[in-house]
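Chemist: Keeping their order, the protein sequence lines are chains A and B.
As numbered in our numbering, the first sequence has no gaps in its residue numbers, which increase by one up to the final residue, 158.
As numbered in our numbering, the second sequence has no gaps in its residue numbers, which increase by one up to the final residue, 311.
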Amino acid sequence: MKAHLSRRYLFSASHRLHSEAMSEKENQSTYGKCNNPYGHGHNYVVEVTVSGPVDDKTGMVCNLTDLDTFIEKEVVSRYGHENLNTMKEFTKEVPTTENLCIQIYEIVHRGFHFAHLERVRLEETMMNSFEYAG
Amino acid sequence: MLYLTRKAEFSASHYYHNPDFTPEENRRIFGKCNNPNGHGHNYTLEVTVKGEVDPRSGFVVDLKQLKEVMHREVLDGMDHRFLNKEVPEFLHKIPTTENIAIAVWQRLDSKLKHAKLHRVRVYETPDLFVDFYGEA
C-alpha cells in the first residue's frame, strides 16, 4: 500500500531580496524591508514529503536514516548559517523563499532515490510557507 | 465537496523488529527503534473526511459521531498500549508510523456514516508524519 512520509528539518540563513533587473526605487517598492542591503535572516523549516509502497519487511516507505542523512548533508548543512545571496544558485536569481523551495526540490529530486519525492514545503516564518511539487 | 479534519492524541510504545532478519540486520535497519523493551511516543492522529454539506444540519458529518468512532475504533485499543504486544494488527506486522496510518484507515473506513474517509495522518513527533489515502 502506498503511503506518504513527511519529515521536517530546520536551518537558519540570511538573504536580501534585490533584483538586478529593477531600479533601486523599484527594488524598494517591491521588496520593502527585505531589500535592506545588509540582509536579514530566518529560521527556515523545510518539510519534505516522499511516497512509495510500504515495504512488507520493514513497514517503511523508506528508511528515515537515509532521508535524514541525505537532507542533512545536501540541504541543511548546505544552506544552514549561510548568506543565500553569496551562493552560486543565487548569483542570478533572487533568493526568495519561492526560489529556495525550488532549489531544494531539485536537489532532493536529483539525488534522493530511495522513495518518490512528492513535494517540498518551505516555511520562511510561522506565518508564511511555500510548496513546490515539480 | 468539503473536507473536515478531526484531531486526537494517543500515547503508546513500540519497537521495530522483523523476525526474518538476523539480529545484526535488525539493528542496522532499525537502529535504536530495535530495542525490544520498546519506547514511546505521543501520537497525534488527524482524520480527514469529505462529503457534501447536508442542507438541513449544515454538517458534512456529525463531529460528535466522528469523535466517538475514532475513540471506539482506534484510541480505546491503542492509547497507553504496547503496540507490538497488545494491538492485533501489530502482532505480526511492524508498528511503524506507515503501518499505524494504514491500520487506522482500515479500522475507520467502514465505520463512517455519510462522509467518506479522505486521509489519515499520523504524527509520531511534530517533525515526522505519515499520510495514507487508502491507495493500494
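Cβ atoms here follow ideal geometry from the backbone N, Cα and C, with glycine treated the same way.
Note that the coordinates shown come from a computational prediction; the quantities given were computed from them, not determined experimentally.
Which chain A residues sit within Cβ distance under 8 Å of THR271(B)?
Modeler: VAL78, THR82, GLY83, MET84
Chemist: In three-state terms, what does DSSP make of TYR77(A)?
Modeler: Note on identity: in this sequence residue 77(A) is Pro, with Tyr being the wrong assignment. Note: PRO77(A) maps to strand in three-state DSSP.
Chemist: List, in order along the chain, the chain B residues whose C-beta lies closer than 8 Å to that of ARG32(A)?
Modeler: The answer, in chain order, is PRO301, ASP302, LEU303.
Chemist: Between which residues of its own chain and ARG143(A) is the CB-CB distance below 6 Å, once the five residues before and five after are set aside?
Modeler: THR73, GLU155, ALA157
Chemist: Can you confirm whether HIS140(A), when its beta carbon is compared against all beta carbons of chain B, has any partner nearer than 7 Å?
Modeler: The C-beta of HIS140(A) comes no closer than 7 Å to any C-beta of chain B.
Chemist: Cβ closer than 7 Å: which chain A residues qualify as neighbours of GLU310(B)?
Modeler: Neighbours of GLU310(B) on chain A, chain order: MET25, LYS26.
Chemist: Does ASP306(B) come within less than 7 Å of chain A when only Cβ atoms are used?
Modeler: Yes, its Cβ sits closer than 7 Å to a Cβ of chain A.
Chemist: Since ASN152(A) is in the beta strand (DSSP E), which residue starts that stretch and which ends it?
Modeler: 152-156
Chemist: Who are the Cβ neighbours of VAL228(B) in its own chain at under 8 Å, not counting the five residues just before and after it?
Modeler: LEU177, PHE234, VAL235
Chemist: Name, in chain order, the residues that DSSP records as bridge partners for LYS49(A).
Modeler: Its beta-bridge partners do not exist; DSSP assigns none.
Chemist: Can you name the residues of chain B whose CB is closer than 8 Å to the CB of ASN67(A)?
Modeler: None at all; the shortest Cβ gap to chain B is about 14 Å.
Chemist: Going by Cα to Cα distance, which pick from GLU96(A), ILE95(A), PHE94(A), ASN123(A) is closest to LEU108(A)?
Modeler: ASN123(A)
Chemist: Counting contacts by CB-CB distance shorter than 7 Å, is LEU29(A) in contact with chain B?
Modeler: Under the Cβ distance rule, LEU29(A) counts among the residues neighbouring chain B, one pair being separated by less than 7 Å.
Chemist: So what's TYR178(B) in DSSP terms, helix, strand or just coil?
Modeler: strand
Chemist: Spell out the partners DSSP gives PHE185(B) in its beta bridges.
Modeler: TYR218(B)
Chemist: Taking a contact to mean a Cβ-Cβ separation below 7 Å, would you say ASN274(B) touches HIS189(B) in this structure?
Modeler: Taking 7 Å as the cut-off, the beta carbon of ASN274(B) is found no closer than this to the beta carbon of HIS189(B).
Chemist: State the start and end residues of the unbroken alpha helix (DSSP H) segment that holds HIS133(A).
Modeler: 121-135
Chemist: In or out: ARG145(A) buried (at least 16 other Cβ within 10 Å) or exposed?
Modeler: buried
Chemist: Within 10 angstroms of its Cβ, does ASN201(B) collect 16 or more other Cβ (buried), or is it exposed?
Modeler: buried
Chemist: Using 10 angstroms around the beta-carbon of VAL238(B), count the other beta-carbons present and answer buried if the total reaches 16, otherwise exposed.
Modeler: In the sequence as displayed, the identity of residue 238(B) is Leu instead of Val. That one is exposed.
Chemist: Return yes when the Cβ of THR180(B) is within less than 7 Å of the Cβ of GLU221(B), no when it is not.
Modeler: In terms of Cβ geometry, GLU221(B) and THR180(B) form a close pair [threshold 7 Å].
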